[in-house]
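Take a look at the structure set out below.
Printed below as a string of structure tokens:
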């Protein structure tokens, strides 16, 4: 159900994504994330095209953490910030983090080799139904994504929506 | 926190396949987040003053990703940027899988002899159209050669089949002069790598002229540049 990918650049780090639907305690989850009680990033899946998008954000976050160049306070907030096409931190949280009324959530955890305990802890906290991470595309709101990332119809001719989104995330610091 | 040097990227590159080494950068092939990826590393040049080297390398890395994004936004196919490390000056790019350079394609078509003219004319037209589009966006590629154009084979529409690569020398400029030089560089490279293609290059320029809104000034400049060479006379 969950999806784990090793970061080639940081061989002792892995990224696991878990997707939940019909979530009833979004407000509570958000609160515990703000307080640092949840070891993971809580992302609004309607803004996600594909799990690869999250991997790109997570890889960049770990990279910036290792270089001491993070723009936000923690690794998990940095992941959310990296998803955003611009450099406004509070807007990034608003658009890509979860809001109190949300009924779906993508949880992203960065960990070492053994993750089972961490994952069990997350599943215990989320009151919702876990679905395969690959299904995130069925939850995404492509109209909203295109608008926020300012993706032109011409650009979609030379690649997928995912390509366009990833390109903007990877290059936003020099635009 | 002390800023220790993050050696993750150099460490990865020491274990992956080196595809090509040029004067400016090294190109590697690897897998990144599970996808086939090309890494372009601008290594330090010891012959330059370290401060100047750092500045130039940084600027070129930034320029390259900017131009790629600008082209993609305009609907010109260029590799997707996955990740950029501004400390080791590495760009992680999508590997255009199953592609062939335009250079190899022309060479093999010229050898096969069967109905080559039409096929190559079509290609020259496409190249002309894409370069026109790129120049209309004020992107100057800086190193146009047939090896820096890839043909992606796939079921997609022909629009997306030509991919421009290596924006390492690119910059943004609206000057007809810069666009003229860009075409001149291509002409030189084209005619010297592919013998007896004058007529074909003519076709390319014709389609460029027809597709670009600002082509007349550029072609006029191209004629000027042909007479004097790439470098402008700075006397006077």
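Protein chains in written order, with full-length UniProt numbering: chain A, 1 to 175; chain B, 1 to 236. From the three backbone atoms N, C-alpha and C, an ideal C-beta is built for every residue, glycine too.
Spatial neighbours of residue i in its chain, beta-carbon cut-off 8 Å, leaving aside the 5 residues before and after
| i | result |
| --- | --- |
| residue 135 of chain A | 19 |
| residue 144 of chain B | 131, 182, 183, 185, 186 and 189 |
| residue 121 of chain A | 39 |
| residue 47 of chain A | 83, 95, 96, 140, 141, 144, 145 and 148 |
| residue 133 of chain A | 1, 2, 3, 17, 18, 19, 51 and 106 |
| residue 152 of chain B | 77, 96, 98, 99, 160, 161, 162 and 163 |
| residue 176 of chain B | 214, 217, 218, 220 and 221 |
Test: residue i CB closer than 8 Å to a CB of chain B
| i | result |
| --- | --- |
| residue 159 of chain A | yes |
| residue 67 of chain A | yes |
| residue 154 of chain A | yes |
| residue 75 of chain A | no |
| residue 63 of chain A | yes |
| residue 17 of chain A | no |
| residue 110 of chain A | no |
| residue 52 of chain A | yes |
| residue 5 of chain A | yes |
| residue 57 of chain A | no |
| residue 60 of chain A | yes |
| residue 12 of chain A | no |
| residue 135 of chain A | no |
| residue 163 of chain A | yes |
| residue 9 of chain A | yes |
| residue 120 of chain A | no |
| residue 72 of chain A | no |
| residue 170 of chain A | yes |
| residue 174 of chain A | yes |
| residue 166 of chain A | yes |
Spatial neighbours of residue i in its chain, beta-carbon cut-off 6 Å, leaving aside the 5 residues before and after
| i | result |
| --- | --- |
| residue 61 of chain A | 75, 78, 79 and 82 |
| residue 72 of chain B | 78 |
| residue 5 of chain A | 15 and 55 |
| residue 224 of chain B | none |
| residue 41 of chain A | 76, 79, 80 and 108 |
According to DSSP, residues forming a beta bridge with residue i
| i | result |
| --- | --- |
| residue 39 of chain B | B/28 and B/92 |
| residue 53 of chain B | Partner(s): none; residue 53 of chain B has no beta bridge. |
| residue 224 of chain A | In the structure as shown, chain A begins at 1 and stops at 175. Residue 224 of chain A is therefore absent and cannot be evaluated. |
| residue 21 of chain B | B/26 |
| residue 172 of chain B | B/139 |
| residue 152 of chain B | B/99 |
| residue 58 of chain A | In the DSSP output, where bridge partners are listed per residue, residue 58 of chain A has none listed. |
| residue 85 of chain B | B/90 |
| residue 10 of chain A | A/7 |
| residue 163 of chain B | B/150 |
| residue 43 of chain A | A/97 and A/106 |
| residue 131 of chain A | A/19 |
Contact with chain A by residue i, beta-carbon distance below 8 Å
| i | result |
| --- | --- |
| residue 42 of chain B | no |
| residue 253 of chain B | An answer regarding residue 253 of chain B cannot be provided, because it is not within the stretch 1 to 236 covered by chain B. |
| residue 6 of chain B | yes |
| residue 149 of chain B | no |
| residue 266 of chain B | This structure cannot settle anything about residue 266 of chain B, because the visible part of chain B is limited to 1 through 236. |
| residue 39 of chain B | no |
| residue 134 of chain B | no |
| residue 9 of chain B | yes |
| residue 138 of chain B | no |
| residue 104 of chain B | no |
| residue 143 of chain B | no |
| residue 85 of chain B | yes |
| residue 3 of chain B | Any reading at residue 3 of chain B must be qualified, since the residue scores a pLDDT of 47, below 50, and its modelled position is unreliable; no value is offered. |
Cβ-based neighbour list, residue i, same chain, cut-off 7 Å, excluding 5 preceding and 5 following
| i | result |
| --- | --- |
| residue 230 of chain B | 181, 184 and 185 |
| residue 166 of chain B | 143 and 148 |
| residue 138 of chain B | 172, 173 and 174 |
| residue 198 of chain B | 191 |
| residue 106 of chain B | 120, 146 and 194 |
| residue 74 of chain B | 133 and 137 |
Near the ligand SAH: residue i beta-carbon under 7 Å from a heavy atom
| i | result |
| --- | --- |
| residue 173 of chain A | In the structure shown, the ligand SAH is absent, as is every other ligand, since no ligand is present at all. |
Which full runs of the alpha helix (DSSP H) of 4+ residues lie inside the stretch 99 to 147 of chain B, going along the chain? 102 to 112 and 116 to 136
Any beta strand (DSSP E) of 3 or more consecutive residues that is wholly inside the stretch 65 to 128 of chain A: 105 to 111
Got a sec: which bits of the stretch 59 to 83 of chain B sit with their beta carbon under 7 Å from any beta carbon on chain A, in order along the chain? 62, 65, 66, 69, 72, 73, 74, 75, 76, 77, 80, 81, 82 and 83
Check each residue of the stretch 80 to 94 of chain A: if its Cβ is closer than 7 Å to any Cβ of chain B, include it; give the result in chain order. none
Which runs of the alpha helix (DSSP H) fall wholly inside the stretch 179 to 232 of chain B and span at least 4 residues, in chain order? 198 to 211 and 215 to 228
Using a Cβ-Cβ cutoff of 8 Å, what residues of the stretch 13 to 36 of chain B are near chain A? List them in chain order. 30, 31, 32, 33, 34 and 35
When you check each C-beta in the stretch 24 to 50 of chain A against every C-beta of chain B, which residues fall closer than 8 Å? none
By the 7 Å beta-carbon criterion, what residues does the stretch 96 to 110 of chain A contribute toward chain B? none
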